[in-house]
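Structure first, then comments.
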Amino acid sequence: MKKSMVVLAVIALVSILATSCASAPKAEAGAAPKAVNVVLRADKAKLVDGGGEGIRLEGGGNVGYWSSTEDLVKWDMVIAEAGDYTVMVDYSVDKSFADAVVKVSLAGQDIEWKVESTDSWGTYKKAEIGTVTLAAGTHPASMQATAIANRFVANVKSIILTKK
Numbered sequence: 077m078k079k080s081m082v083v084l085a086v087i088a089l090v091s092i093l094a095t096s097c098a099s100a101p102k103a104e105a106g107a108a109p110k111a112v113n114v115v116l117r118a119d120k121a122k123l124v125d126g127g128g129e130g131i132r133l134e135g136g137g138n139v140g141y142w143s144s145t146e147d148l149v150k151w152d153m154v155i156a157e158a159g160d161y162t163v164m165v166d167y168s169v170d171k172s173f174a175d176a177v178v179k180v181s182l183a184g185q186d187i188e189w190k191v192e193s194t195d196s197w198g199t200y201k202k203a204e205i206g207t208v209t210l211a212a213g214t215h216p217a218s219m220q221a222t223a224i225a226n227r228f229v230a231n232v233k234s235i236i237l238t239k240k
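In my numbering, the protein residues as written are 77 to 240.
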């Protein structure tokens, strides 16, 4: 009786070890590769005050008080994989301040973005503004208003680049 219980215990232990040591299941054929994202966050930007109302990083983690065409938001952008990237901006702007025009420059490629209303300063949305082709490496990135419709440009949390 003791011998058969020991044999059963050994079989159970071997079964548990075989199951836990088995290799992980392989990804399904045709599964989409994980998206490569680069996020240029406001709290990592260098802000250059151009003499408006004092562009600054606000407590909500966004660039705010952006009020001059001389204000500049800059980053050193690190691209791990070369390729085409979709560019989105995560921002907010009250409807009475909409329609500024911003030049987004990524590794020397410029995208013009017309800032549309998100209804209020507290309502953020992500807007797709264009596509760029980037080489791997470190590149300059910046945002600068070229026209301001009514006092302020926008509150910007980040620029998001997603590899196509």
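Glycine included, each C-beta is placed from N, C-alpha and C at the ideal position.
Take the alpha-carbon of residue 160 and the one of residue 117: they are about 20 Å apart. For residue 130, there is no enclosing beta strand (DSSP E), since its DSSP letter is neither H nor E. Residue 117: member of the beta strand (DSSP E) spanning 113-117, first to last residue. Taking C-beta atoms under 8 Å as the contact rule, residue 224 and residue 176 qualify, at a distance of about 5 Å. Relative to the Cα of residue 166, the nearest Cα in the group 204, 179, 227, 229 belongs to 204. Between the segment 119-126 and the segment 141-158, the count of Cβ pairs shorter than 8 Å is three or higher; the stretches touch. For residue 240, the secondary structure class from DSSP, reduced to helix, strand or coil, is coil. Scanning 119, 214, 181 for the CA closest to the CA of residue 157 turns up 214. The Cβ-Cβ distance between residue 163 and residue 178 does not fall below 8 Å. Rounded to the nearest whole angstrom, the C-alpha separation of residue 142 and residue 209 is 28 Å. In the three-state reduction of the DSSP assignment, residue 143 falls in the coil class.
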